[in-house]
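Enquirer:
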Amino acid sequence: MKKNMARVNRDFFTNSASVAAKDILGKYIVVGDKRGIVIETEAYVGPQDKASHAFGGKVTERNKAEYLTGGYVYIYLVYGMYWQLNISTGKEGYPECFLIRAADCSDDIKKTNGPGKLCKYLGLDKSFYGEDVVKSRRIWFEDGEDIPFDVVSAPRIGIDYAGPYWAKRKLRFLIKDYKKHLAKI
DNA sequence: GTACAGATTGAG
DNA sequence: TCAATCTGTACT
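Each residue of the first sequence is one higher than the one before, starting from 0 at the first, in numbering that gives the first Met the number 0.
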């Protein structure tokens, strides 16, 4: 019954972003001595996704990790002060990734209910850029408990500039039961 | 070398 | 609901 915390492997991350983003929910993210259950993610699904930094197949110093094969950390700074933790997905050369927006670290949900706060709590920064979560000893994912839960999908946050089509696509995923916690903040 | 955007947060 | 905040990126 006790699943021995199987580490999430490469196969998982080579799925498409929308699949991986949804399936990572309920699993554990482990960074150093901290761990949390992933409860909210967003998928960025390739060069045609206007909300993606890799829109149009553009490659920059910042987003190149997005093109790696699934399982690599793509972390970057927004607003000059907040880190966003993403994990590349899909096959090498194709820019897909999912953003981890929130996790439950069984401490205080308010500390990890946003992308910036989560990274701060877990101590993530640029030194993790390009880290392979399949092999890294600093950051990885583990299977969660076998507790059933409903997944809710919703439009992504803060991407109005991507136009109505992409702004409306339901590529944001959350664990239903946690929604009330998030809404409380 | 310089302008500018930004996948947020916290306060009111 | 709204405005502040600052670094990296992109472009000249």
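Note that beta-carbon positions come from the ideal geometry of N, C-alpha and C, so glycine has one too. Source: prediction; values computed, not measured.
With contact counted as at least three CB pairs below 8 angstroms, one residue from each stretch, are the stretch 70 to 81 and the stretch 104 to 124 in contact?
Expert: yes
Enquirer: In the DSSP assignment, what are the bridge partners of leucine 72?
Expert: Working through the first sequence from its first residue, we reach residue 72 at position 73. Checking the sequence shown, residue 72 turns out to be valine, not leucine. DSSP, once it has assigned bridges, lists Ile86 as partnering valine 72.
Enquirer: I want to know whether the stretch 123 to 143 touches the stretch 91 to 103 - three or more CB-CB distances under 8 angstroms.
Expert: no
Enquirer: Measuring CB to CB, does cysteine 202 end up less than 7 angstroms from alanine 16?
Expert: This structure does not reach residue 202, given that the chain is present from 0 up to 184, and the question cannot be answered.
Enquirer: So for isoleucine 184, helix, strand or coil by DSSP?
Expert: On the first sequence, position 185 is the one that residue 184 refers to. At isoleucine 184 the pLDDT is 39, less than 50, meaning the model places this residue with poor confidence and gives no usable figure here.
Enquirer: If tyrosine 66 and proline 94 are in contact, beta carbons under 8 angstroms, what's the gap, nearest whole angstrom?
Expert: Indexing the first sequence from 1 puts residue 66 at position 67. Indexing the first sequence from 1 puts residue 94 at position 95. Correct: roughly 5 angstroms between the Cβ atoms.
Enquirer: Quick test of your reading: valine 7 and lysine 26, contact by CB under 8 angstroms. State the CB separation rounded to the nearest angstrom.
Expert: As a first step, residue 7 is located in the first sequence; it is residue number 8 there, counting from the start. As a first step, residue 26 is located in the first sequence; it is residue number 27 there, counting from the start. That pair is a contact at about 6 angstroms.
Enquirer: Taking contact to mean at least 3 C-beta pairs separated by less than 8 angstroms, is the stretch 153 to 173 in contact with the stretch 35 to 54?
Expert: yes
Enquirer: Under a Cβ-count criterion, where at least 16 other Cβ atoms within 10 Å of its own Cβ denotes burial, should glutamate 130 be classed as buried or exposed?
Expert: Position 131 of the first sequence, counting from 1, holds the residue named residue 130. Buried, because 16 or more other Cβ atoms sit within 10 Å of the Cβ of glutamate 130.
Enquirer: Using CA coordinates, which residue listed in Val18, Lys21 and Val133 is at the minimum distance from alanine 5?
Expert: For the purposes of this step, residue 5 is identified with residue 6 of the first sequence, where counting begins at 1. Nearest option by C-alpha distance: Val133.
Enquirer: Taking its Cβ as the centre, do 16 or more other Cβ atoms sit within 10 Å of isoleucine 28, making it buried, or is it exposed?
Expert: On the first sequence, position 29 is the one that residue 28 refers to. Looking at its Cβ environment, which holds 16 or more other Cβ atoms inside 10 Å, isoleucine 28 is buried.
Enquirer: Sort Tyr177, Arg9 and Asp176 by Cα distance to tyrosine 91 and report the nearest one.
Expert: Locating residue 91 in the first sequence gives position 92, counting from the first residue. Note on residue identity: the sequence assigns glutamate, not tyrosine, to residue 91. Comparing Cα-Cα distances from glutamate 91 to each of Tyr177, Arg9 and Asp176, the minimum goes to Arg9.
Enquirer: Where does the unbroken beta strand (DSSP E) through tyrosine 43 begin, and where does it stop?
Expert: Position 44 of the first sequence, counted from the start, is the residue given in the question as residue 43. Annotation: the continuous beta strand (DSSP E) that includes tyrosine 43 extends over 33 to 44.
Enquirer: Look at serine 51 and tyrosine 73 and say whether their C-beta atoms are less than 7 angstroms apart.
Expert: As a position in the first sequence, residue 51 is number 52, starting the count at 1. As a position in the first sequence, residue 73 is number 74, starting the count at 1. Against a cut-off of 7 angstroms, the Cβ pair of tyrosine 73 and serine 51 comes out as no contact.
Enquirer: What residue range does the beta strand (DSSP E) around phenylalanine 140 cover?
Expert: Residue 140 sits at position 141 when you count from the first residue of the first sequence. From DSSP, the beta strand (DSSP E) with phenylalanine 140 extends over 138 to 141.
Enquirer: Since valine 37 and leucine 121 should fall inside the 8 angstroms C-beta cutoff, what is the C-beta to C-beta distance between them, to a whole number of angstroms?
Expert: Position 38 of the first sequence holds residue 37. Position 122 of the first sequence holds residue 121. Wrong, their Cβ atoms sit about 12 angstroms apart, outside the cutoff.
Enquirer: Threonine 68 to glutamine 47, Cα distance in whole Å?
Expert: For the purposes of this step, residue 68 is taken as the residue at position 69 of the first sequence. For the purposes of this step, residue 47 is taken as the residue at position 48 of the first sequence. Taking the straight line joining both Cα atoms gives about 18 angstroms.
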